[in-house]
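Taking it in order: structure first as structure tokens, then the write-up.
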Amino acid sequence: MRTLVLSDIHANLVALDAVLTAAGTWDRIWFLGDLVGYGPNPNECVERLRDLEPLALSGNHDWAVLGKLDTEEFNDDARRLVNWTRRELTEANLAYLKDLPPLHVAPPFTMAHASPRHPVWEYILDLQSALDNFDHFETPVCLVGHSHIPALFLLDEAAAELNFYLVGDAETIDLSRGRIILNPGSVGQPRDGDPRASFAILDDEAQTWTLHRVDYDIAETQRRMRAHKMPSRLIERLEFGM
Ligand code: ZN
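Just so we're aligned, residue 4 is where the sequence shown starts under our numbering, counting upward by one.
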């Protein structure tokens, strides 16, 4: 079965549509949270994703928009966008977000927006945080988003070895090599220096995870953000993938 795995769309509809076109055919779609926040098309992104009937999680930006998470730890730009998004979203789209959990277990996969230990608020960016998190899920594979960086942590328990890799475009990972934490990167706001939208295809028969990067019309998303007078730092970062 081919599963399209997306994360961190962040209301960037142009990027989402480019990903859906590039992904081709798939059997099911999983979304790891942060559907809104930052981008100019929150309603359209909720509706586009919802129509695909995904298994979807909520992220910290979704929680902030819903008032389930204090925005104290957000920077000023992110907080401004949370407030803007809350005013923009329709009641029906808010209700859709409200029903999404931040963590879901479907053996052999665990899915969490941020980490299995703290599903909405922890960055797994180093070996120590990854190692700690391997104790917080029981399945062989855990899928996370949140960092916006396509990467994996591979734990080889026999060799007592933990490795970290950044995963590049068209790279395929063999999932049978040990316990793994995988991140598909971000559709709507990549932060690894590559501005292209990021997604992954999980093939559970072949036991593979293949990462893909796709160009999208960044200038169009920026134009829409400018039309809403969004902070220039958020507009500019898209073209640098930072
Ligand atoms: Zn995010």
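Glycine is no exception: its CB is placed at the ideal position from the N, C-alpha and C atoms.
Excluding five sequence neighbours on each side, which residues of the same chain lie with their C-beta closer than 6 Å to the C-beta of residue 215? Excluding sequence neighbours, residue 215 sits near 202.
With C-beta atoms as the reference, is residue 14 less than 8 Å away from residue 45? Yes. Within cutoff.
Which residue's Cα is closest to the Cα of residue 218: 239, 191 and 209? Closest option to residue 218, Cα to Cα, is 191.
Do the stretch 15-32 and the stretch 194-211 touch if we need at least three Cβ pairs shorter than 8 Å? Proximity of the stretch 15-32 to the stretch 194-211 meets the contact definition, three or more beta-carbon pairs being nearer than 8 Å.
Helix or strand or just coil, what does DSSP make of residue 137? Of the three classes helix, strand and coil, the one that applies to residue 137 here is helix, per DSSP.
Could you give the C-beta distance for residue 52 and residue 12, rounded to a whole number, given that I count them as a contact under 8 Å? The Cβ separation is near 7 Å, so the contact holds.
To which residues of the same chain is residue 47 closer than 7 Å at the C-beta, ignoring the five residues directly before and after it? Only 16 meet the Cβ criterion.
State buried or exposed for residue 125, treating a residue as buried only when at least 16 other CB atoms are found within 10 Å of its CB. Burial state of residue 125 is buried, judged by a 10 Å Cβ sphere holding 16 or more other Cβ atoms.
Considering Cα atoms alone, identify which of 50, 181, 227 and 228 is closest to residue 160. Ranking the options by Cα distance to residue 160, first place goes to 181.
Check whether the Cβ of residue 3 sits closer than 7 Å to any heavy atom of ligand 1, and report yes or no. Here the chain covers residues 4 to 245 and nothing more, so residue 3 does not appear.
Identify the continuous beta strand (DSSP E) that holds residue 114 and give its terminal residues. Annotation for residue 114: the continuous beta strand (DSSP E) segment containing it runs 112-115.
Tell me the DSSP secondary structure of residue 87 in three-state form. The answer is helix: DSSP assigns residue 87 an H, G or I state.
Could you name the residues of the same chain whose beta carbon sits closer than 8 Å to that of residue 150, not counting the 5 residues immediately before and after it, in chain order? These residues qualify, in order along the chain: 126, 127, 128, 186 and 194.
For the beta strand (DSSP E) that residue 201 lies in, which residues bound it at each end? 200-206 is the extent of the beta strand (DSSP E) around residue 201.
Check whether residue 196 and residue 35 have beta carbons under 8 Å apart: No, these two residues do not count as a Cβ contact at 8 Å.
Could you compute how far the alpha carbon of residue 221 sits from the alpha carbon of residue 28? So the alpha carbons of these two residues sit roughly 24 Å apart.
So which residues put a beta carbon under 5 Å from any heavy atom of ligand 1, going in chain order? In chain order, the qualifying residues are 11 and 37.
Would you mind stating whether residue 112 and residue 144 have Cβ atoms separated by less than 8 Å? It is a contact, given that the beta carbons lie within the stated cut-off.
Is residue 33 near residue 6, with beta carbons less than 8 Å apart? Contact check for residue 33 against residue 6 passes: the beta carbons are separated by less than 8 Å.
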